[in-house]
Amino acid sequence: EKLRSVEIAPIPSRVGQRLRNELIFHSTGGGEAAKPVYRLEIVIRESVTSTLVKTDGTSLSQIYGLDASFKLVHIGDRKVLLQGSSFGRAAFERYPSIYSNVRARENAEDRAALTIAEDMKTRIAAFLSRDKV
Numbered sequence: 231e232k233l234r235s236v237e238i239a240p241i242p243s244r245v246g247q248r249l250r251n252e253l254i255f256h257s258t259g260g261g262e263a264a265k266p267v268y269r270l271e272i273v274i275r276e277s278v279t280s281t282l283v284k285t286d287g288t289s290l291s292q293i294y295g296l297d298a299s300f301k302l303v304h305i306g307d308r309k310v311l312l313q314g315s316s317f318g319r320a321a322f323e324r325y326p327s328i329y330s331n332v333r334a335r336e337n338a339e340d341r342a343a344l345t346i347a348e349d350m351k352t353r354i355a356a357f358l359s360r361d362k363v
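Those letters in the sequence shown? Residues 231 to 363, by this note's numbering.
What follows is the structure, given as structure tokens:
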């Protein structure tokens, strides 16, 4: 129930919006949010690493990396209650088709965002379940 009182701050980029949407769904279950008591502020960093590089320099696959730093702030006094970081990695294949490459990367981005959302939800829920919060 306490997760419903966590406001998720906007996160720039398509992946940031995907991460935010996942967190909102995980905290409210698709229902109405409660009056916010806490604010979750997140900063993300994206990276792509090529793997299986052929001798001509072309890559057959890549690994999409998403790193997120977060702070859970009490809205009333702006006190930082919890801070940490999380990461998600997702591999994807490279194809001759540009459309296939775009879709494969977007799928990897979505999987990495979901991984981080699930991790953050668990950590924040555990923190908020303490009696003193």
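We put the beta carbon where it would ideally sit given N, CA and C, even for glycine.
Closest by C-alpha distance to residue i, when choosing among the options
i	options	result
V310	I354, D340, N331, I328	I354
A338	A320, L270, P326, T345	A320
I274	S235, I241, F322	I241
Classification of residue i by the beta-carbon crowding that lies within 10 angstroms, buried from 16 upward
i	result
S318	Here the sequence assigns Gly to residue 318, which means Ser is not the residue at that position. The residue in question, G318, is buried, as its Cβ has 16 or more Cβ neighbours within 10 Å.
V278	exposed
Y329	exposed
Sequence-distant residues of the same chain with beta carbon closer than 6 angstroms to residue i, five excluded per side
i	result
K232	L358
L253	I238, A347
L290	L282, R324
L344	E252
Close beta carbons around residue i, own chain, < 8 angstroms, minus the five adjacent residues each side
i	result
P266	S235, V236, E237, I305
Quick test of the definition: if touching needs 3 or more C-beta pairs under 8 angstroms, does the stretch 246-254 touch the stretch 277-292? Under the Cβ criterion (8 angstroms, minimum of three pairs), the stretch 246-254 does not count as touching the stretch 277-292.
To test your reading of the DSSP string, which unbroken beta strand (DSSP E) runs of 3 or more residues are found completely within the stretch 284-349? Correct list: 289-304, 310-323.
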